[in-house]
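Per the UniProt record's numbering, the very first residue in the sequence shown carries number 1; after that it's consecutive.
Ideal Cβ placement from N, Cα and C applies to all residues, glycine included.
These notes concern the structure reproduced below.
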Amino acid sequence: MDGATVVVGCWLLVFATVADYGVRRGLDAAVGDAVAGAALLALGAAGGAGWVARSTCDAGRALVGLWLLLAPLLLDFGFGTESTLATCLDVALGTIVAASGVGGRLRSW
């Protein structure tokens, strides 16, 4: 999953610069996605290179996935038509990343 983690991290970094997150309120949602993308990129690279234990990378992926799932609610994306794509992407990627992190963690036991 390390290669896919790097791809998802890169996608989030790019998406954060070009996406419309709706009306900006509170914390900036694009910054949240960029930080999550950078974290996934670092976890994927560190896990793939063997610098960090795979179980640690799996736990980190699960936490970042949970963040992506909760980000639309916590960062108040606005839930208007302009933020629909950003909301759907965060929820979908958060589900996939969290499930892969939890699944990887369970496999390592």
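Our two residues, L63 and P72, have alpha carbons roughly 15 Å apart in a direct line. Separation of the CB atoms of L68 and L93 is rounded to 6 Å, and the pair is thereby assigned contact status at 8 Å.
Nearest neighbour of A46 by Cα position, chosen from W11, D33, A36 and T5, turns out to be T5.
Just measuring C-alpha positions, the residue of D20, G65 and R54 sitting nearest V8 is G65.
The alpha-carbon of V52 is positioned some 33 Å away from that of D76.
Of the candidates C10, I96, A34 and G103, the residue whose Cα lies closest to the Cα of G44 is C10. At the C-beta level, G101 and R61 come within 8 Å of one another.
For L43, the three-state secondary structure derived from DSSP is helix.
Excluding its 5 nearest sequence neighbours in each direction, A19 has C-beta neighbours in its own chain below 6 Å: A86, listed in chain order. Within its own chain, the residues whose Cβ lies closer than 7 Å to the Cβ of F15, once the five positions on either side in sequence are excluded, are D33 and L89, listed in chain order. Within the same chain, no residue comes within 6 Å of G50 by CB-CB distance, once the 5 residues on both sides are set aside.
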